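Residue numbers (the numbering used here): 139 to 382.
What follows is a set of notes on a single structure, which appears directly below.
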Ligand SMILES: Nc1ncnc2c1ncn2[C@@H]1O[C@H](COP(=O)(O)OP(=O)(O)O)[C@@H](O)[C@H]1O
Ligand SMILES: [Mg+2]
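Right, here's the structure in full:
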């Protein structure tokens, strides 16, 4: 990794959203959002279906254009170097129709010159050692998602963005991905994830941002959110009363 990128890696957080709005077509999807992602936190973006959670992550990842307001990474506007310090994992894995190895190499060639050893290490971490030659399309859902995580880790991101990374996964893959999130966070990475699994949010999150209809209704530390939600909407959502 070049020195320049390393310096950026130290300085990606806090992430600040100020009066930020996103409009798709005629619809306001994120409505004057104000919130802050702290350095080295694990932030759960919670809220019912259609609340804007995925668009929130995509906005931070620079995949969606901001209509008005500001998004800053340690006071800097988003740019290519900042984006290269982020890795996104989608609910439905996006993989090349090639082998496991080719999927890993594609990212490493593109983003940096990580050694073969690192690649094997990471495959080992996600329980896919020995799968190198297997076509990615033949993997199970859980294996595909673990490969997506492995690809994300190959770029050694400072910020991990995970959109419902364990929805519908088998318990082994779910546990493994949760352990990876905690491990990456313990070595200084900031994580933002979405989930509909309240136990998972409690297990992983240090902080919670609760979205409803494109607005931030609550932002607080996780324990406070679950112990004493301030809004009726959040209380209902936590108790499973809002349809998801
Ligand atoms: N490409 C798009 N075009 C139009 N509307 C969209 C698009 N993507 C998302 N939306 C709308 O934006 C809202 C928020 O979507 P999303 O962020 O996917 O919600 P969540 O992830 O919380 O379920 C929804 O009402 C959805 O229909
Ligand atoms: Mg979503």
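Ideal Cβ placement from N, Cα and C applies to all residues, glycine included.
All figures in this text were calculated on a predicted structure; none of them were measured in a lab.
ask   = Does DSSP classify residue 317 as helix, strand or coil?
value = Mapped onto the chain shown, residue 317 falls at position 179. Residue 317: helix per DSSP, three-state reduction.
key: Pairwise C-alpha distance: residue 350 and residue 161   = For this step, residue 161 is matched to residue 23 along the chain shown. For this step, residue 350 is matched to residue 212 along the chain shown. Distance between the alpha carbons of residue 161 and residue 350: 16 Å.
message = Comparing C-alpha positions only, which one of 223, 185 and 263 sits nearest to residue 198?
response = As a working note, residue 198 is residue 60 in the chain shown. Minimum Cα distance to residue 198 is reached at 223.
key: Beta-carbon separation (whole angstroms), residue 289 vs residue 241, contact threshold 8 Å   = For the purposes of this step, residue 289 is taken as residue 151 along the chain shown, with counting starting at 1. For the purposes of this step, residue 241 is taken as residue 103 along the chain shown, with counting starting at 1. By a beta-carbon distance limit of 8 Å, residue 289 contacts residue 241. Their separation comes to about 6 Å.
task = Look up residue 174 in the DSSP assignment and give the residues it is bridged to.
result = Here the question's residue 174 lines up with position 36 in the chain shown. Partner(s): 154.
ask   = Where does residue 380 fall in DSSP's three states?
value = For this step, residue 380 is matched to residue 242 along the chain shown. The answer is coil: DSSP assigns residue 380 none of H, G, I, E or B.
query = Would you say residue 192 touches ligand 2, meaning its beta carbon is less than 7 Å from a heavy atom?
reply = Taking the chain shown and counting its residues from 1, one reaches residue 192 at position 54. Within the cutoff, so yes.
request  = Determine the contact status of residue 298 and residue 329, defining contact as a CB-CB distance below 8 Å.
outcome  = As a working note, residue 298 is residue 160 in the chain shown. As a working note, residue 329 is residue 191 in the chain shown. Closer than 8 Å, so yes.
key: Where residue 374 sits in the DSSP three-state scheme   = Position 236 of the chain shown holds residue 374. Correct three-state label for residue 374: helix.
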